[in-house]
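Heads up: the sequence shown at position 50 corresponds to 49 in my numbering, and the numbers run straight through without jumps.
Backbone N, C-alpha and C fix where the C-beta goes; we use that ideal spot for every residue, glycine too.
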Amino acid sequence: MLANYHTHTDWSDGQASMSAMIDAARDAGFAEYGVSDHWTLHPAGETFWWSMQPDRLRAYLDALDEQQRRIGRQLVIRKGLEIDWFDGFGDSIAQRLAPFTFDYLIGAVHFVGASTVDESTERWEQLDQAGVNAVHREFWRLVHDMARSGLFDIAAHLDVVKKFAFLPDV
Numbered sequence: 000m001l002a003n004y005h006t007h008t009d010w011s012d013g014q015a016s017m018s019a020m021i022d023a024a025r026d027a028g029f030a031e032y033g034v035s036d037h038w039t040l041h042p043a044g045e046t047f048w049w050s051m052q053p054d055r056l057r058a059y060l061d062a063l064d065e066q067q068r069r070i071g072r073q074l075v076i077r078k079g080l081e082i083d084w085f086d087g088f089g090d091s092i093a094q095r096l097a098p099f100t101f102d103y104l105i106g107a108v109h110f111v112g113a114s115t116v117d118e119s120t121e122r123w124e125q126l127d128q129a130g131v132n133a134v135h136r137e138f139w140r141l142v143h144d145m146a147r148s149g150l151f152d153i154a155a156h157l158d159v160v161k162k163f164a165f166l167p168d169v
């Protein structure tokens with residue numbers, strides 16, 4: 000069965016519309032297609048250009064329902080999200096998601112402390128080897144806690160921390 004469950008539309012950082020991506024999946028012969036736009040519920044309330052705004056979940060799900068009606072039986076559309084994991088914020092995520100129904104949720108660690116690990120080399124270039132090691136240790140602690148939370152069906156891109164090749168020596 001041909002399927003993809005980790006996709007981003009222009010609801011977050013994707014470049015194509017939901018309908019264009021769904022049509023392309025249908026035309027490519029997919030049986031199922033999961034839409035999993037970024038959703039970031041930041042502890043400090045920050046919002047990001049690459050993430051759907053936290054209050055848009057109902058509109059997002061309505062748009063996915065409309066796409067399923069439009070495409071009919073040609074393709075099964077699965078409703079998902081890629082959610083940023085923040086230390087100690089699992090209960091807040093669960094509470095915000097409680098009124099909604101998703102087919103699957105993808106957990107992702109992009110932030111270690113106040114910075115992302117995958118947006119730029121700038122942070123990494125300021126670190127000595129001990130600092131690089133510390134970021135990697137913290138990343139994997141966060142991944143562990145995310146997995147133990149039980150909120151997610153899938154863990155996203157576990158290799159993102161090595162995107163810029165600043166590797167630990169531990």
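Expected contact under 8 Å - CB spacing of Leu104 and Asp152 to nearest Å
6 Å
Nearest-angstrom Cα distance between Gln128 and Glu121?
15 Å
Give a yes or no on whether the C-beta atoms belonging to Gly79 and Gly149 are separated by under 8 Å.
no
In whole angstroms, give me the CA-to-CA distance for Val160 and Phe85.
15 Å
On the premise that His5 lies in contact with Ala155, defined as a C-beta separation below 8 Å, what is that separation, rounded to the nearest angstrom?
7 Å
Would the region 65-77 and the region 16-34 be scored as touching if the rule is three or more Cβ pairs under 8 Å?
yes
Since Asp83 is in the beta strand (DSSP E), which residue starts that stretch and which ends it?
75-83
Nearest candidate by alpha-carbon position, reference Ser11, set Gly106, His37, Leu1:
His37
Whole-angstrom distance between Thr39 and Ser50, CA atom to CA atom
6 Å
Alpha-carbon to alpha-carbon, Gly44 and Phe165:
29 Å
Compute the distance between the beta-carbons of Asn3 and Ala30, then report whether it is under 8 Å.
no
Candidates Val169, Pro167, Ala97, Gly106: closest to Val142 by CA position:
Gly106
Between the C-alpha atoms of Val134 and Val111, what's the straight-line distance to the nearest angstrom?
7 Å
On the three-state DSSP scale, how would you describe Asp168?
coil
Kindly list the residues whose CB is nearer than 8 Å to the CB of Arg95, restricted to its own chain and excluding five residues on each side of it in sequence; keep chain order.
Leu40, Pro53, Leu56
When you compare only the Cα positions, how much space is there between Asp168 and Val116?
17 Å
Alpha carbon to alpha carbon, how far is Arg147 from Gly89? Give it in angstroms, no decimals.
10 Å
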